[in-house]
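*Asks:* Have a look at this one.
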Amino acid sequence: MQFELRTQVIEPTRKTFSHLVRRYGDRPASRYEEGTIDLQAVTNFHYRPLWDPSREIYSPDYSVLKLTDVYAYTDPRQFYYAPYVTARADLHEAFGSTLDYLEKRGMFDRLPPAWSSLVQDILLPLRHYEAAAQMISSAAARFGWGATITQCAAYAAFDRIGNAQMLSRVGISFGGGSADCLDLAKTAWIEADTWQPLRKLVEETLAERDWGKALIALDTMDRVLYTLFYTHLDDVAIASGAGSYSLVAQHFSSWFADQRRWLDALIKAWVADPEHGATNAAAISQTALAALGEIHEALCPVASAADALIDDNCHITLDTTVAQVRDAYAALGVNLEA
Amino acid sequence: MTIAPKAARKLTMKQRYSALTRDLDWEPSYVPAEELFPYTRFEGIKIHDWSKWEDPFRLTVDAYAKYQAEKDKRLYAVLDGFAQSQGHLSLTDASYLNAMKLFLQGVTPLEYQAHRNFAYLSRHLNGPGPRFASLCQSLDEMRHAQTEIHTLSNYNKYYSGFHDYLHMHDRVWYLSVPKSFFDDALSAGPFEFLIAIGFSFEYLLTNLLFVPFMSGASFNGDLPTMTFGFSAQSDESRHMTLGLEAIKFLLEQDEDNVPIVQHWIDKWFWRGYRVTALVAQMLDYMLPRKVMSWKEAFELYFEQQMLGGLFQDLAFYGIRPPRDVEKAIQEKDYISHQAYWILYQFSHAAAFTTSVPSDEHLDWLEEQYPDTFPTYRKLWDKERKNVENGGRHFVRGLPQLCQVCQIPMGFTEADDPFIQCQRETIFEGERYNFCSDGCKNIFDHEPVKFRQSWLPVHQIYQGNCGAADLPGVLQWYGMQPGDGGEYLGSVDHENWLAWHDMAETTGGN
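Protein chains in written order, with our numbering: chain U, 949 to 1286; chain L, 5 to 513.
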């Protein structure tokens, strides 16, 4: 016996919207495609911006990095708003559970003293780095060309402020429910010698008006920073009985793996572009090379401070990571040899 | 080494929110602040203390993601169910969808524009409080653009007029009205955008611009759009509080801001109000089942709530009601009739259909507009005779457009329904035409900006729209047979009748 539900069948006249039929042929489109492709206006703008009359409201010329057909690039995660917020609701719920556990078991109090200092001196100041990363990503969300790229950048911007809030919640928890530890971390970010090279680099990256170059610079910094603090130190923490550091770090490293997916695909698309590929590769190479040198230098005092606390080889890991980032760029078709 | 203090002072909710948002900010010292925030000085607005910004809502990223994910889950379940059950057949009539065609073509692209420019504010405002609030709104606006597309996507599969809304938004004559409105806001500075969109669009006029579509949906069996409307409600109330905080913040920061803000209120009231002409005709003419008349909506949502409420509060800051508000009040008696009459005559070049209102509909209009409608009723009586004689009226020429609002110049003087209102300004030897004093005032204040307007009719004459003849231009617009013209006998109308016959004969529906 079969379950037979009679319904009125009406053949649809169209499978999807015309602009998608022109691009993909006459086939049903996904919600990602309907919600993203061609969403940004590209022509017949009415007025030039008062804040930059030399350009249109949207223009490919806000960056040297360009795609001939911007919608040849799509987000490998196929994130439109609903799946994006659903994924992030899961991420934050998992992080919340971790934090509950750490609090319930008094895990921050049980950290070895050196690791306690590392959380205070090294981990918490990074919330300011994340806040700047939001602003850099937001600039790409506004000035980028094409809704696939800008959508990724917009979600990344929200992710970064989310990361800053996760670090802040660690700080509040670590400070026994007060903001004292966050205040100390902020003072360190603004005043301590350890952080000044990184803060300077961050401020300079914020001042970069080319959203594409700023995104590459930030990503280059992220690659080194995330590897060092959230992958390498995660391993060391486990070996050193600092399990709570590891429990926190896992959420950041898994977020970063997700971030890599859209950015690596974008870099590949830039480099492979039939018309702009060579120019893009050169600009990415130049920007990433400079950023890599700068982040290497800027993180030296931070690595030293970490080494002084936990007697590790952060310094060596930093050097290795920088070399790995070069390789990673090479795998994407960008040569970073000086 | 630092040891976390024991028995520390617990944070209040407000302190905690501050620690998670604005406390992330710091004063730059390696790069001058003017270089990091280059766009917040040229408009003349003076901000002395960004920390005085009161957070309009306290939503952290984790809570935001959780609530929004739950809301979307419910919304998409409704959309899927409606599509699966051929829910479109239970609309009041296929002609109802003209309102939604206008919405998808005219409003959805604006949600996307708002998404992009709130991202601009989340980067370029100096204060971390408003930056974070803007970031949340930027995401919300993306949500609205996409959920609207997904909500209306199912109708596109069965009905005309929806299929090329993005292409049309950038080209078609009546869509340059909303497009130029938002382009105007995006090309302004960050503070003007806050007043234009955050305050004027999202607060002052939202019940006249956005909400009527949602109410129309609920009265006409459009469950998906109504569900979208409810789902957007909590986002919208955040946007409203942001808009209100924005204006208060600017006014409280410096007295010199008051005249600048007053000018923006004057400008953006009229800009937004002119866009509502499209909503006015939708409310009065496009809904098979009426919600309320434009006049009633205007009196309730604008005269009572805004003039009677909001502007009483703003008087404290030295802000008076918008300059041309009296004209808008006068127009409430006739603007919808004139706007629909324009669209009726030009719908052969539009992606929606129009028709002569039924007797019952005309009676309703006369009840709503006892003083003015008898004049317009004569017009419809005459047109009905034309239709009966096979001469349905379409204007074959191209209309003159207002240089600012871009609506065809079909509005009249308030005291005479037969005298077209026309104003003009000569600027650097060129003559510019306006539909009203409101639009002329806006031009006169920013002639260099508004002479740039991409006027669809001028563009056709200049040969920039694919062809010099109507069929060629319609092709360039992306129009397909059935998109526009008369509703009776249209593709949608024929399909609707056939589908309902089918439903009757098979015992469905």
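All C-beta atoms in this analysis are idealised placements derived from N, C-alpha and C, irrespective of residue type, glycine included.
#1: For a test of the three-state rule: what should DSSP assign to Asp420 of chain L, helix, strand or coil?
#2: Verify whether the separation of the beta carbon atoms of Leu1214 of chain U and Tyr1021 of chain U is less than 9 Å.
#3: Taking the straight line between their C-alpha atoms, what separation do you get for Ser33 of chain L and Pro1145 of chain U?
#4: Using 9 Å as the limit for Cβ to Cβ distance, is Pro1222 of chain U near chain L?
#5: Determine the direct distance from the alpha carbon of Ala1136 of chain U to that of Met5 of chain L, and round the result to whole angstroms.
#6: Which complete beta strand (DSSP E) runs does the segment 398 to 470 of chain L hold, if anything under 3 residues is left out?
#7: For a contact meaning CB atoms closer than 8 Å, what does Ala1079 of chain U contact in chain L?
#8: Only counting the same chain, and skipping five residues up and downstream in sequence, which positions put a Cβ closer than 7 Å to that of Glu387 of chain L?
#9: For a minimum of 3 consecutive residues, which ranges assigned as the beta strand (DSSP E) are wholly contained in the segment 1059 to 1118 of chain U?
#10: Nearest by alpha-carbon distance to Arg278 of chain L: which of L:Val329, L:Gln316 and L:Gln372 is it?
#11: In chain order, what residues of the same chain have a beta carbon less than 6 Å from the beta carbon of Lys147 of chain L, not counting five sequence neighbours either side?
#12: Which residues in the same chain as Gly511 of chain L place their Cβ atom closer than 6 Å to its Cβ, once the five residues preceding and following it in sequence are excluded?
#13: Rounding to the nearest angstrom, what Cα-Cα distance links Glu145 of chain L and Ala1231 of chain U in this structure?
#14: Give the interface partners of Lys1134 of chain U over in chain L, defined as CB-CB distance under 9 Å, in chain order.
#15: Who are Thr376 of chain L's beta bridge partners in DSSP?
#16: Hey, would you say Gly247 of chain L sits closer than 9 Å to Tyr207 of chain L, going by beta carbons?
#17: Would you say Val1018 of chain U faces chain L, with C-beta separation under 9 Å as the test?
#18: Flag this pair as yes or no: are the beta carbons of Tyr995 of chain U and Asp188 of chain L separated by less than 9 Å?
#19: Are the C-beta of Val550 of chain L and some C-beta of chain U separated by less than 9 Å?
#20: Are there 16 or more other CB atoms within 10 angstroms of the CB of Leu1247 of chain U, so buried, or fewer, so exposed?
#21: In this structure, what does DSSP give as the bridge partners for Glu490 of chain L?
#22: In its own chain, which residues sit with a C-beta less than 6 Å from the C-beta of His1224 of chain U, not counting the 5 before and 5 after it?
#23: Any residues in the segment 101 to 124 of chain L with a beta carbon nearer than 8 Å to a beta carbon of chain U? Which ones, in chain order?
#24: Quick one: what does DSSP say Gly1054 of chain U is sitting in, helix, strand or coil?
#25: Just to confirm my understanding: we take Phe41 of chain L, look at its own chain, exclude 5 residues before and 5 after, and list those with CB closer than 8 Å. What are they?
#26: What residue does the alpha helix (DSSP H) around Thr1227 of chain U start on, and which one ends it?
#27: I want to verify the contact list: residues of chain U whose CB lies under 7 Å from the CB of Glu39 of chain L, in sequence order.
#28: Note down, in chain order, every chain L residue with its Cβ under 8 Å from the Cβ of Pro1073 of chain U.
#29: In the segment 276 to 347 of chain L, which residue ranges form an unbroken alpha helix (DSSP H) of at least 4 residues, counting only runs that do not cross its ends?
#30: Tell me whether Ile430 of chain L is buried or exposed, calling it buried when 16 or more other Cβ atoms sit within 10 Å of its Cβ.
#31: When you compare the CB positions of Ser1192 of chain U and Leu1066 of chain U, do they come within less than 9 Å of one another, or not?
#32: Which chain U residues sit within Cβ distance under 8 Å of Trp458 of chain L?
#33: Roughly how many angstroms lie between the CA atoms of Asp258 of chain L and Lys50 of chain L, to the nearest whole one?
#34: From Pro132 of chain L to Ala37 of chain L, what does the alpha carbon distance come to, in whole angstroms?
#35: Report the residue ranges of all beta strand (DSSP E) runs contained in full by the segment 47 to 134 of chain L; include only those spanning at least 3 residues, in chain order.
#36: With the cut-off set at 9 Å, would you say Leu83 of chain L and Asn158 of chain L are in Cβ contact?
*Replies:* Looking at the atomic coordinates:
#1: Three-state DSSP puts Asp420 of chain L in a strand.
#2: In this structure, Tyr1021 of chain U lies closer than 9 Å to Leu1214 of chain U by Cβ.
#3: Between the alpha carbons of Ser33 of chain L and Pro1145 of chain U lies a gap of roughly 12 Å.
#4: Proximity of Pro1222 of chain U to chain L, defined by a Cβ-Cβ separation below 9 Å, is not satisfied.
#5: Unreliable positioning characterises Met5 of chain L in this predicted model, as indicated by a pLDDT of 48, which lies under 50. A coordinate reading is not provided.
#6: Runs found: 420 to 424, 427 to 431 and 434 to 438.
#7: The answer, in chain order, is Leu28, Asp29 and Pro132.
#8: Closer than 7 Å at Cβ, skipping near neighbours: Val360 and His397.
#9: Counting only runs of 3 or more, we get nothing.
#10: Comparing alpha carbon positions, the residue from L:Val329, L:Gln316 and L:Gln372 closest to Arg278 of chain L is L:Val329.
#11: First, the amino acid is wrong: residue 147 of chain L is Arg here, not Lys. Nothing listed; no residue qualifies.
#12: Legend: pLDDT at Gly511 of chain L = 46, less than 50; position of this residue unreliable, value from coordinates given subsequently. Closer than 6 Å at Cβ, skipping near neighbours: no residue.
#13: So the alpha carbons of these two residues sit roughly 32 Å apart.
#14: The answer, in chain order, is Asp27, Leu28 and Trp30.
#15: Thr376 of chain L pairs with nothing; no bridge assigned.
#16: Yes. Within cutoff.
#17: Between Val1018 of chain U and chain L, the shortest Cβ-Cβ separation is not below 9 Å.
#18: Against a cut-off of 9 Å, the Cβ pair of Asp188 of chain L and Tyr995 of chain U comes out as a contact.
#19: Residue 550 of chain L lies beyond the stretch modelled for chain L, which goes from 5 to 513, so this question has no answer here.
#20: Here Leu1247 of chain U is buried. Its C-beta has 16 or more other C-beta atoms within 10 Å.
#21: In the DSSP output, where bridge partners are listed per residue, Glu490 of chain L has L:Thr358.
#22: The residues are Lys1014.
#23: Cβ contacts with chain U: Pro113, Tyr116, Gln117, His119, Arg120, Asn121, Ala123 and Tyr124.
#24: In this structure, Gly1054 of chain U counts as coil in the three-state DSSP scheme.
#25: So the qualifying residues of the chain are His128, Leu129 and Asn130.
#26: Residues Gly1225 to Ile1258.
#27: Those are Ala1155, listed as they occur along chain U.
#28: Annotation: Pro1073 of chain U has no Cβ neighbours in chain L at a cutoff of 8 Å; minimum Cβ distance is about 10 Å.
#29: Whole alpha helix (DSSP H) segments, 4+ residues: 298 to 301, 315 to 318 and 329 to 335.
#30: With fewer than 16 Cβ atoms within 10 Å of its Cβ, Ile430 of chain L is classed as exposed.
#31: Contact check for Ser1192 of chain U against Leu1066 of chain U fails: the beta carbons are separated by 9 Å or more.
#32: The contacting residues are Asn992, Phe993 and His994.
#33: Between the alpha carbons of Asp258 of chain L and Lys50 of chain L lies a distance of about 6 Å.
#34: The alpha-carbon atoms of Pro132 of chain L and Ala37 of chain L are separated by roughly 13 Å.
#35: Here no run is fully enclosed.
#36: It is a contact, given that the beta carbons lie within the stated cut-off.
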